[in-house]
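Here is the structure we will look at, set down as structure tokens.
Numbering (full-length UniProt numbering), first residue to last: 1 to 233.
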């Protein structure tokens, strides 16, 4: 412990506003209100992370069930796979909404980590955000979503749903070519809807999702693990 805990500070002193400077002192130890607040935000973030994972698990289970049923018999219609794409899109919408909520709590946790804990461990690098107290106070006074719906959808597409939908598209392509009684593209027909129209609709829909996920954009979501730092033993 350092001796700074017994030193009186002037509230008007700019250093007094830097909570991180006294992080390792007795008055700012693990029993402080700041530490309890941080643990509370970690718990809340964890709950929303579990909600995201729960939706993803259901999406994977539904995809596996649809693939199994679609290829279990040649008489099973191929458009069940397309219906599965609609179900996955519904899960995507639900998960994007949950991700917007998750980002609120994650941004608070990252504010503590970058401006309190990181600063307390190594003050030489300064604060990540000089106005972090103001921003955090505003978040507590009036919680607001920080990212758009389209950004949340793009994030979840990149992380989870674009690979799942790609697997579904590949399975549907195999189903209407290798496992069809009639030649392609007539094998893709749904009732009176010609196969060419169905194929065009599917490809356009997938193209829109691909563009949404991969187009360049400014990301406002709180950063996650985006790089590697592999240590050599």
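Built from N, CA and C at the ideal position, the CB exists for glycine as well.
Inset, instruction - Using only alpha-carbon positions, find the residue among 163, 215, 45, 112 that is nearest to residue 137. - result: 112
Inset, instruction - Starting from the C-beta of residue 180, find all residues in its chain whose C-beta is less than 7 Å away, skip the five residues before and the five after it, and write them out in chain order. - result: 187
Inset, instruction - For residue 190, write down the residues that DSSP places opposite it in a beta bridge. - result: 193
Inset, instruction - With DSSP as the reference, label residue 218 as helix, strand or coil. - result: In the displayed model, residue 218 falls within coil according to three-state DSSP, outside both helix and strand.
Legend entry - Nearest neighbour of residue 50, chosen from 67, 99, 147, 90 [CA to CA]: 99
Inset, instruction - Give the DSSP-derived three-state secondary structure of residue 53 in the structure shown. - result: helix
Inset, instruction - Using a threshold of 8 Å, state whether the C-beta atoms of residue 65 and residue 80 are closer than that. - result: Going by C-beta atoms, residue 65 is not nearer than 8 Å to residue 80.
Inset, instruction - Compare the beta carbon distance of residue 87 and residue 62 with 8 Å and say whether it is the shorter of the two. - result: yes
Legend entry - Delimiting residues of the alpha helix (DSSP H) encompassing residue 173: 162-177 is the span of the alpha helix (DSSP H), which, as asked, contains residue 173.
Inset, instruction - Quick one: using the 10 Å Cβ neighbour count with 16 as the cut-off for buried, is residue 31 buried or exposed? - result: Bear in mind that the predicted position of residue 31 carries a pLDDT of just 48, short of 50, making it unreliable; the figure below should be weighed with that in mind. Residue environment analysis places residue 31 among the exposed positions, since fewer than 16 neighbouring C-beta atoms fall within 10 angstroms of its C-beta.
Inset, instruction - Would you tell me roughly how many angstroms separate the C-alpha atoms of residue 163 and residue 157, rounded to the nearest one? - result: Their Cα atoms are separated by approximately 8 Å.
Inset, instruction - Might you give, ordered along the chain, the residues of its own chain that have their beta carbon closer than 7 Å to the beta carbon of residue 108, omitting 5 neighbours on each side? - result: 41, 136, 139
Legend entry - Straight-line gap, residue 92 to residue 200 (C-alpha atoms, nearest Å): 22 Å
Legend entry - Close-in-space but distant-in-sequence residues of the same chain around residue 38 (CB under 7 Å, 5 per side omitted): 112
Inset, instruction - Measure the CB-CB distance between residue 154 and residue 213 and report whether it falls below 8 Å. - result: yes
Inset, instruction - Could you tell me if residue 278 is buried or exposed, where buried requires 16 or more neighbouring beta carbons within 10 angstroms of its beta carbon? - result: Residue 278 is absent from the structure shown; the chain starts at 1 and stops at 233.
Legend entry - Rounded separation between residue 34 and residue 117 - CA only: 11 Å
Legend entry - Backbone CA spacing between residue 177 and residue 149 [nearest angstrom]: The straight-line gap from Cα to Cα measures roughly 36 Å.
Legend entry - Own chain, CB closer than 6 Å to residue 133, minus 5 neighbours either side, in chain order: Closer than 6 Å at the Cβ level, and outside the excluded window around residue 133, lies no residue.
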